[in-house]
Amino acid sequence: MQSSQLGIGIVGTGMIAGPIADAIAKSKKATLTAVSSRRIENARKFLAERPGPAAVEGIDALLSRADVDAIYVATPTAAKEAIALAAIGAGKHVLVDKPFADRASVLRMTEAAAARNVAYMDATHFVHHPRTAAIRAASGEKIGLPRSLHTALYVSISDSSNIRFNPREEPMTALGDLAWYSMRAVVEYLRPAGKIAKVATVPERDANTGAILRAAGLIAFESGEVSTFDIGHTAGTVIMELQLLGSRGYIRMDDFVLDWNNSFAFKYPEVPAGYYHRTGEMAPNQETFIQTPATNAQEVEMIDTFSELATTGDAARMASYAAASLQTMEYLDAVWAAAGA
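First residue of the sequence shown? That's 3 in our numbering, and the numbers climb one at a time after it.
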């Protein structure tokens, strides 16, 4: 593509594809050039209020376009790997939404991308918010050595026809959809030095479909770090809490996945982005709030970072993002196995 911007094609027109299309439109480093669906009318409907990009039918038609440098895969999990591998084989960079089938699937994608020298990234938005880097940089000073992490993530869904309740399309159901974020928080914030030592998962399943509706559990590491998690669709409200405890302090957030201030789901400008810190004998009302403002919504930051990765071909950064995906999936696989999968 003869442009300074990365031309991105989207595969799939489900719910999450919309916010990413909007994020691409807001990015100064990428442009949406085409949208693909198995049925052309779905692609056309998706683009009805987004004029400019082409509507195409099927993955082959998308990959053959010269104006598509990269693709965003927003399909059900069952189809993701095949689509991503086809795109990599065509020399396209890939941004793939979670969930994934398992670590072996992620490994095949990351190895294929490395062999073709194209970018692979999973589409975990919060990783790209400036707050994540700020906490990582400050945690040593603020809390000492990270030792314990607790996350609670609930998104209320009761419609049994939702794809998240379909084990054929989304094999891990709520674990894949939500515990991915808990395990990614382990990778980003707890950063365990050792291998997995112990895992326990207690799931609650839908009586008709067998889908996991909620689950709680623990993952512990040989190096002493421990993380507990509580996720699901049954709380009747949105919960996105994170507590990171270190050897001499504590950090918490109540919006670690989608910040209240400015994300595709929430826009409350009166609620600043940041995190709370407490140490010593501070009472809860004495804890400090540390702001971490962002110029763009975190999904826009993700598109910008992905575009930079694709256009610079920085092998070290590519390897770092691939490693984070693999480590997250390793932990999620363990949690899934402990649920009696």
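Just so you know, even glycine gets a beta-carbon here, dropped at the ideal spot from N, CA and C.
Ile42 and Ala139 have their C-alpha atoms spaced approximately 46 Å apart. Judged by DSSP secondary structure, Arg40 falls outside any alpha helix (DSSP H); it is assigned neither H nor E. Within the DSSP secondary-structure output, Pro21 pairs in no beta bridge.
For Arg149, the secondary structure class from DSSP, reduced to helix, strand or coil, is strand. Excluding sequence positions up to five before and after Pro78, its CB lies within less than 7 Å of the CB of Ile165, Glu171, Glu172, all in the same chain and listed in chain order. A distance of 7 Å or more separates the beta carbons of Leu215 and Thr230.
Assigned with DSSP and collapsed to three states, Val120 falls in coil, not helix or strand. Boundaries of the beta strand (DSSP E) around Asp232: 228–234. By the Cβ neighbour-count rule, Pro148 is buried, with 16 or more other Cβ atoms within 10 Å of its own.
At a cut-off of 3 residues, the continuous stretches assigned as beta strand (DSSP E) that sit fully inside the stretch 75–107 are 95–98. For Ala275 and Trp262, the gap between their C-alpha atoms comes out near 7 Å. Distance between Asp124 and Leu180, taken at the CA atoms: about 15 Å. In terms of Cβ geometry, Ala176 and His235 form a close pair [threshold 7 Å]. In the three-state DSSP reduction, Tyr270 falls in the coil class, being neither helix nor strand. A straight line joining the alpha-carbon of Thr112 with that of Pro286 spans about 43 Å. Looking at the backbone, the Cα of Val337 and that of Met17 are separated by about 26 Å. With contacts defined as CB atoms closer than 7 Å, Val37 and Leu49 qualify as a contacting pair. DSSP, read as helix, strand or coil, puts Lys200 in strand. Judged by DSSP secondary structure, Thr330 falls within the alpha helix (DSSP H) whose first and last residues are 317–340.
DSSP places Tyr278 inside the beta strand (DSSP E), whose first and last residues are 276–280. Of the residues assessed, Asn264 falls on the buried side of the cut-off, its CB having 16 or more other CB atoms within 10 angstroms. Contact annotation: the stretch 81–94 does not touch the stretch 296–303, with fewer than three C-beta pairs closer than 8 Å.
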